[in-house]
Amino acid sequence: MRRSPSASRFSLEIGPLTAERWGDLEDLFGSRGACGGCWCMWWRLRRSEFESKKGAGNRRAFKRIVSTGQCPGLLGYVGGRPVAWLALAPRECYSALGRSRILKPVDDQPVWSVTCFFVAKDYRRKGVTVRMLKEAVRYVRERGGTVLEGYPIEPRQGDSPDVFMYVGLASAFTRAGFKEVTRRSPTRPIMRRYIGRRGR
-6 MRRSPSASRF SLEIGPLTAE RWGDLEDLFG SRGACGGCWC MWWRLRRSEF
44 ESKKGAGNRR AFKRIVSTGQ CPGLLGYVGG RPVAWLALAP RECYSALGRS
94 RILKPVDDQP VWSVTCFFVA KDYRRKGVTV RMLKEAVRYV RERGGTVLEG
144 YPIEPRQGDS PDVFMYVGLA SAFTRAGFKE VTRRSPTRPI MRRYIGRRGR
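Residue 161 in my numbering sits at position 168 of the sequence shown, and the numbers go up by one each step.
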């Protein structure tokens, strides 16, 4: 687990979700699975399957992913307490992205995707998502990835972004060094961070 070098007000330690840390994810997500029984399966399933598994079924499905040794994302800790989650995987793991009209592939480059955030209430609006994104860049770089992509919302002036906060705000991606590459919806840019020779 790495300590975020940008931590100022508090020390944020970030590490991959492993089977040993499953209990920490449960503590962070709570009984509702972070958002109405999602358990971070929204982007991985067809809508009918997601709805049929909502709650306990999605929890079991996500736990199976973790138990196989796959890392579906990163956990952030403050003082040993889990306070933040970032979902991260190669884009092909998220079948719903390919079915989306506005989030379909930009090109044929191999891409890693950030699809979701969940931050404990006490730590929201404190720059945690930016720190998590910077660690995601390092994580992908160490695994040979060259493109990290996100699908945040950029709310119109006066709009409340709360319903869509789980995908992150475009402003947070910008602060983490991401650039917009295309936009097929007024409020939903696709943003990328090129890793290695094309960007650090």
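Each residue gets a CB set at the ideal place from its N, CA and C atoms; glycine is no exception. All values reported here derive from a predicted model rather than from experimental measurement.
Take F111 and list the residues in its own chain whose beta-carbon comes closer than 6 angstroms to its own, dropping the five residues that flank it on each side.
Around F111: A27 and W78.
Compare the C-alpha of A80 against each of L21, L90 and L67 and name the closest.
Closest by alpha carbon: L67.
Does G143 pass the burial test, meaning 16 or more other C-beta atoms within 10 Å, or should it be called exposed?
G143 comes out buried.
Go through the region 19 to 91 residue by residue and report every complete run of the beta strand (DSSP E) that reaches 3 residues or more, in order.
Listed in chain order, the complete beta strand (DSSP E) runs (minimum 3 residues) inside the region 19 to 91 are 66 to 71 and 74 to 83.
To the nearest angstrom, report how far apart A89 and W15 are at their CA atoms.
About 24 angstroms.
I'd like to check one pair, S164 with I95: are the Cβ atoms closer than 8 angstroms?
Result no, Cβ atoms of I95 and S164 do not sit closer than 8 angstroms.
To which residues of the same chain is S60 closer than 7 angstroms at the C-beta, ignoring the five residues directly before and after it?
Answer for S60: A12, listed in chain order.
Rounding to the nearest angstrom, what Cα-Cα distance links V156 and S24 in this structure?
Note that V156 has pLDDT 49, beneath the 50 cutoff, so the model's placement of it is unreliable and the number below is only indicative. When rounded, the distance between both Cα atoms is 19 angstroms.
By the three-class DSSP mapping on this structure, what secondary structure does G16 have?
Looking at G16 - three-state DSSP - the assignment turns out to be helix.
Once DSSP output is grouped into helix, strand and coil, what is the label at V104?
Note: V104 maps to coil in three-state DSSP.
Looking at the structure shown, is V156 part of a helix, part of a strand, or coil, going by DSSP?
Bear in mind that the predicted position of V156 carries a pLDDT of just 49, short of 50, making it too unreliable to give a figure here.
Helix or strand or just coil, what does DSSP make of Y144?
If DSSP states are grouped into helix, strand and coil, Y144 belongs with coil.
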